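Chemist:
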Amino acid sequence: MTTKTLTKKADPHAARDEWLRVVNELADEVSAWAGEEPSWEVSAAPAEVEDALGVYTVPVVTIQTPDGRLVLEPSHYVPSRKANGSLSGMVEFYAWPTLFRVRLLYGQPGMKWQVMTESRVPLRQEWNRGNFIRLAKDLAGAEL
257 MTTKTLTKKA DPHAARDEWL RVVNELADEV SAWAGEEPSW EVSAAPAEVE
307 DALGVYTVPV VTIQTPDGRL VLEPSHYVPS RKANGSLSGM VEFYAWPTLF
357 RVRLLYGQPG MKWQVMTESR VPLRQEWNRG NFIRLAKDLA GAEL
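The structure is reproduced here in structure tokens:
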């Protein structure tokens with residue numbers, strides 16, 4: 257007697273809805289934190305992304321500081337290869353015009369967002385307002 261193993265396919269709409277929830281929550285959080293800083297101006301605009309989830313719209317947050325402009329741009333959802341089907345994704349956070357950047361990775365074990373340098377060195381800091389403001393100031397104030 258042969259037993260068939262059924263594999264349940266993930267609902268792509270459910271994954272997209274969850275990723276959009278996470279990205280919108282991050283954009284709201286960053287906008288609120290940056291908005292509390294004196295002389296920082298925050299704006300958000302929709303942008304279209306295409307990845308494994310299809311085509312959808314994400315918020316891109318722009319922060320103008322006295323030292324330069326910062327952009328928080330959701331990059332893409334990454335289909336999980338883990339058995340638990342956990343959500344993974346990446347958001348770019350960069351300064352303009354220098355383009356110094358870090359990546360915010362979602363789905364790392366035990367952390368909501370993990371900050372990763374371009375050299376793939378993780379910055380092992382808790383994702384909170386104080387660390388975000390420090391990171392934003394470091395990126396905006398960096399010189400070539």
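Here the working numbering runs 256 ahead of the position in the sequence shown, where the first position is 1. We treat Cβ as the ideally placed atom computed from N, Cα and C, and that holds for glycine. Bear in mind the structure is a predicted one, so any value in this text is a computation, not a measurement.
Let me know the secondary structure DSSP gives G363 once reduced to three states.
Modeler: Of the three classes helix, strand and coil, the one that applies to G363 here is coil, per DSSP.
Chemist: Could you say which of Q381, K368, V327, R380 lies nearest to L395 if we only look at CA atoms?
Modeler: Selected option, being the one with the closest Cα: V327.
Chemist: With 16 other CB atoms within 10 Å as the buried threshold, where does G345 fall?
Modeler: The residue is buried, with at least 16 neighbouring Cβ atoms inside 10 Å.
Chemist: With DSSP collapsed to three states, give me the class of A283.
Modeler: Helix.
Chemist: Spatial neighbours of H332 within its chain, please: C-beta separation below 8 Å, excluding the five flanking residues on both sides.
Modeler: Result list for H332: V305, D307, A308, G345, M346, in chain order.
Chemist: Is A303 buried or exposed, if buried means 16 or more other CB atoms sit within 10 Å of its CB?
Modeler: Flag for A303 reads exposed.
Chemist: Which of the three DSSP states, helix, strand or coil, is assigned to R272?
Modeler: Helix.
Chemist: With distances taken between CB atoms, is the gap from W369 to L361 smaller than 8 Å?
Modeler: In contact: W369 and L361 (Cβ atoms closer than 8 Å).
Chemist: Here's the rule I'm using: 16 or more other beta-carbon atoms within 10 Å means buried, otherwise exposed. How should T321 be labelled?
Modeler: Classification for T321: buried.
Chemist: Give the secondary structure of L309 by DSSP, where H, G and I count as helix, E and B as strand, and everything else as coil.
Modeler: L309: coil per DSSP, three-state reduction.
Chemist: Which same chain residues end up closer than 7 Å to W275 when comparing Cβ atoms and leaving out the 5 residues on each side of it in sequence?
Modeler: Excluding positions up to five away in sequence, the list reads L309, Y333, L343, G345.
Chemist: Is the beta carbon of A283 closer than 8 Å to that of P315?
Modeler: Their beta carbons are under 8 Å apart, which means P315 touches A283 by this criterion.
Chemist: Can you tell me which residues form a DSSP beta bridge with Y352?
Modeler: Inspection of the sequence shows that residue 352 is occupied by Trp rather than by Tyr. In the DSSP output, where bridge partners are listed per residue, W352 has R325.
Chemist: My output table needs one value for R390: the three-state DSSP class, helix, strand or coil.
Modeler: Three-state DSSP puts R390 in a helix.
Chemist: Taking 8 Å as the limit between beta carbons, can you name the residues of its chain near K393, skipping five residues before and five after?
Modeler: Cβ neighbours of K393 beyond the five flanking positions: T321, D323.
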